[in-house]
Amino acid sequence: MGRADYRRAQQQWAREERGGFFRRLFSLKKVLGTFVLLGALAVGSFFVLYLLVDVPDGGNPEATAQSNAFTFSDGALIAREGDFNRELVPISRIPKDTQYAFVAAENKSFYQDPGVDVKGLTRALVSTAMGKKQGGSTITQQYVKNYFLSQEQTVTRKAKELIIALKVDQQQSKDEILAGYMNTSYFGRGAYGIQAAAKAYYDTDVDDLTVEQSAYLAALLQAPSQYDLAVASPKARQLVTDRWHFVLDNMVEMKWLSPVERREMAFPEPGKPEPNPGLEGQAGYFVEAAKAELIAAGVDEQELAARGWTIELNIDKKKQRDLEKAVKAALLDDLDPEQRETDAQAQPGAVSVDPETGAVVAMYGGRSYVEHFINNATRQDYQPASTFKPVVLATAFETAADTQDGQPITPNTVYDGTSERPVEGSDTPFAPPNQGDVDYGPITVQQAMNNSVNSVFAQMAVDAGLERTKQTGIELGMKGDASGFDVKPAMSLGVMGASPLDMAAVYATLANHGEQVKPRLVKSAKRGDRVVELPDPIGEQMIERQTADTVTSVLRGVVNDGTAKGIRSDTLNFAGKTGTSDDNKSAWFAGYTPDLVTTVGLFGEGEGGKQVSLQGTGGGGRVNGGGYPAQIWAEYNRLALSGKPAAQFDLDVMEAPEPSFSPSPSASESETPESPEPPQTTVPGLPETSTPPPAGTLPPPVTTSPPPDTAPPSASTLPVPPGDGTGDGGARTAAGTDTGPGDGP
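First residue of the sequence shown: 255, per our numbering; consecutive thereafter.
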């Protein structure tokens, strides 16, 4: 190539390079121009909307004109919730400290902002467009939403809220806006507005609210139903207490409260709720439980409070009637609260679930909502005791766990059932006594479940893995944040908090062959065009079918030849487990047929919600799971399943090699006491029968009495002094850890 040609080529390359640069520049200009155009359109659209959207002349009549209707599954009315308890008060009647408490809780910049929080609103709009719930509203926006608009979570409503809030901030004073907000907010207990809230929670007028009381009412707005201390779970109580501190700390930060005054303040316990007309009996329990379920599904509580909802429940009217009859016949008719204090303290709760659909077909929350506001079917403050043992067994089967000496765990695996035997393989010392301090010696897993042998399941939980055992409980339906759900050997005996609803989820999942069942009370909920999308009550396969079915097979042995054989029946095929907690504060029976899963709990509750022993209830001695709870279960199933052929379990069980062990001479049946058994109880409709053979081919249970010259207890097992009258005979480890509940018939 000559010089001339080379020069021409360079010039051509330069021209092409300049053209590419200009093309790239032009493309960049297009992109920037597009952004500018979109921004201009957004600003223009907002300006047009600002001109078109006016502040409504009056409030939203829909918020006060309608009621919420709750119905049975067949559409029959259960209750209406719609009478508004509201008294409007001027800002002059609301103490300045009360005003500051609400501003500190919801919107510290209220007195300076233009009525909106742009950053917060942007997050809220994006989240709403993505179908998620997100806060970010100022007090002005919440006032606009409560008074002028509706509660639905849509982009259109959010946009109107923004524009009206900006205009309201220009047209009204901050005092007027704050008064409007405090007069239109829902506080729970049917109370709308600060005056009604002051009456409902502290039986006082708004003028006389203290700073401490004001801070609680301000904290309450975040979740009124959950944060009402009359019905709050331990977790909710902690959350609202934390928020109460948050409100007061913000008041100090804003110079509205002195640090000295703040340090001297104590949490102000609210009074008990007043009975709500129309919510007597079980109706109030249904209403509150349904609202809690909808809130958990993403419905804003203020939206529910706006009324106009039709909420259909899965409650089957006949089965509900059968459950109430069963509680009355098997328990309440036997109690005399006027003569025996323990009878007045016995609180029954029950839940019945269809394992195929997850529908809660019946629920018993207590004698009457207007007398006892805590729902005994959903409360999580009592121990489920030995009804947790099937979770331990399921974990061992699911993980193919081995014993400490390397034997695979099956229903026929032999364990040492010696009472107060220290567990092996755990960093935490633990040596639980068996009920009655009975020594069983060598015993199979099936027999240990039949007789609820604590020492066996404490060891099995360690063998299967404590962390994995907890995870299995959560996967089956328990709440991982329930009180006392610590990863320790004592967990094996059910020392965490759980409700009958939680345990119904666990047992329904077992009945559903390991496919998760999340019991659902609400069948449908709608308000105008708004239809709530509810989660599917049937979830994923949580454990293998063979695991779940083998646990069911073992639990049939509990009914046939164990702690629940007092209710065995020729007419029903069912599996179940008894439970009796430490100090006899709770007693349980959780059982299921192929068609119906029902859990029954009985709780000892004294003054102020204090847990007390059930000892002496009904004029008897120790109350156990094989007594009143099992009898309620049996009577309910007799009524609910009457006239139907006995359904058969369809089980795929694991193979279990025959056990091979020889009891020592001292363990012969003639020389040792029998294991404790429940009193034989004749339940109407359930005929007494001879003992059917236990599930599987198993050797007879072996009991062992301690020899006369028993060695003194080791340092790891220090007995608790007797005298509590519970019959649990609990023990404490050297580290001071409670061993958990005793259990037995």
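Just so you know, even glycine gets a beta-carbon here, dropped at the ideal spot from N, CA and C.
Local conformation of residue i per DSSP, three classes
i	result
M617	strand
R876	coil
T632	coil
A988	With a pLDDT of only 31 at A988, under the threshold of 50, the placement of this residue in the model should not be trusted, and no figure is reported.
N814	helix
D423	helix
D367	coil
W842	strand
K898	coil
V692	coil
E678	coil
A454	helix
G552	coil
S753	coil
R491	helix
V398	helix
Sequence-distant residues of its chain with Cβ nearer than 7 Å to residue i (five each side left out)
i	result
K362	N504, M508
D735	K489
V541	F324, A333, E335, L533
D963	Confidence is the limiting factor: at D963 the pLDDT is only 32, short of 50, which leaves the residue's position unreliable, though a coordinate-based value still follows. Cβ within range, chain order: n/a, list empty.
Beta-carbon spacing of residue i, residue j below 8 Å
i	j	result
R774	N568	yes
S391	G442	no
D457	G535	no
T853	M714	no
I886	A631	no
R594	G873	yes
K368	G612	The identity of residue 368 in the sequence shown is Pro, whereas the question assumes Lys. Contact: no.
A844	G881	no
A702	V710	yes
E566	K777	yes
P522	Q467	yes
V624	N530	yes
M908	Q800	yes
L474	P349	no
A685	P696	no
G879	Q599	no
Of the listed residues the options, nearest to residue i (C-alpha basis)
i	options	result
A910	V808, F540, Y694	V808
E652	S840, D457, E798	E798
I345	D371, D423, I448	I448
D783	Q353, V645, W563	W563
Q353	L416, R340, K428	K428
V465	A433, H499, Y440	H499
I764	V699, V716, V851	Residue identity check: residue 764 is Leu in the sequence provided, not Ile. Comparing Cα-Cα distances from L764 to each of V699, V716, V851, the minimum goes to V851.
D635	A654, A650, G603	G603
A472	Q492, L493, R497	R497
A543	L585, V614, A583, D587	V614
D824	G870, G768, A598, A900	A900
K582	K898, E430, A888	A888
T672	D693, G660, A537, E678	D693
V741	A560, T682, V514, A779	T682
Residues of its chain near residue i, where Cβ-Cβ distance is below 6 Å and the 5 sequence neighbours each way are ignored
i	result
L558	K545
F627	A484, V485, P527
V343	Q449, V460
L647	V805
I549	E555
E360	I393
E769	Q795
Y539	G619, Y623, N629
Inter-residue CB distance, residue i and residue j (contact presumed, cutoff 8 Å)
i	j	result
L895	T847	7 Å
A712	L755	Not confirmed; about 26 Å, so no contact.
V645	A762	Incorrect: roughly 13 Å between the Cβ atoms, too far for contact.
E674	P662	That pair is no contact at about 26 Å.
N705	E912	Contact flag wrong, Cβ pair sits at about 20 Å.
G833	T641	4 Å
D203	K571	This structure cannot speak to residue 203, because the chain is shown only from 255 to 999.
V731	A759	With the sequence shown as reference, residue 731 is identified as Gly, and Val is not the correct amino acid for it. Right, the Cβ-Cβ distance comes to about 3 Å (below 8 Å), so this counts as a contact.
L403	K414	6 Å
Contact set for residue i: own chain, Cβ-Cβ below 8 Å, skip 5 residues either direction
i	result
F828	R810, V813, G845, Y846, T847, N891
D1047	As displayed, the chain neither begins before 255 nor continues past 999, which places residue 1047 out of reach and without an answer.
E341	G447, Q449, A450
Check: residue i C-beta below 7 Å from any heavy atom of the ligand MG
i	result
T853	Looking for the ligand MG in the displayed structure turns up nothing, as the structure carries no ligands at all.
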